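One structure below.
In UniProt numbering, the protein residues as written are 1 to 187.
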């Protein structure tokens, strides 16, 4: 049998045959959907569009970063360049989960880049922020879009992102991972 794919797994005859995702290595996201060589892989353009559409984070915020996929839809962000593919355990930090109905940003992403967001940010008062950091769900009024939000609280005169919350049916559900939940109340 003759293999008619190039080194990236794309069909040489242009028929669009895409390779399968290798979940054990890091692959850089293609710049655009047209450059995709792996079935179901999102593009850098799609990731930037999501962050801009959902959170109003300008695409130029990520000018010096590259995006990578390892596993099924786990997107990593890295400050710099590196050859692709990479067979290492980690590069940069996880920033987004794709390959599911609703894309989910990570707590790390919210804490690192959330201060650039001007949409879908829910500002929490002190008690609500404490409950959120402790991993508690709470009923809150919110006039914005439902779905994943960046939860923030004012500290020292500036808005500080706490993490990702899921807002549905009048309830803010804390998505802070159990191992990172904290009691930040002061007696």
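Ideal placement from N, C-alpha and C gives every residue a C-beta, glycine not left out.
No experiment lies behind these values; they were computed from the predicted model shown.
In this structure the stretch 99-112 touches the stretch 141-151; the number of beta carbon pairs closer than 8 Å is three or more. Annotated three-state conformation of residue 127 is helix, per DSSP. Inclusion of residue 181 and residue 134 in the CB contact set at 8 Å is warranted, their separation being smaller than that value. When C-alpha distances from residue 65 are compared across 94, 171 and 38, the shortest belongs to 94.
Going by DSSP, residue 78 is part of the beta strand (DSSP E) stretching over 74-78.
When 184, 34 and 144 are compared, the shortest CA-CA separation from residue 55 is found for 144. Comparing alpha-carbon positions, the option among 44, 78 and 173 lying closest to residue 139 turns out to be 173. Just so you know, the alpha carbons of residue 45 and residue 83 end up roughly 19 Å apart.
Spatial neighbours of residue 32 in its own chain (CB-CB distance under 8 Å, excluding positions within 5 residues in sequence) are listed in chain order as 43, 44 and 45. Taking a 10 Å sphere around the C-beta of residue 126, we find fewer than 16 other C-beta atoms and assign the residue as exposed. Assignment of beta strand (DSSP E) within the stretch 100-187, counting only whole runs of 3 or more residues, yields 121-123, 147-155, 158-168 and 171-174 in chain order. Here residue 53 is not bridged, per DSSP, to any residue.
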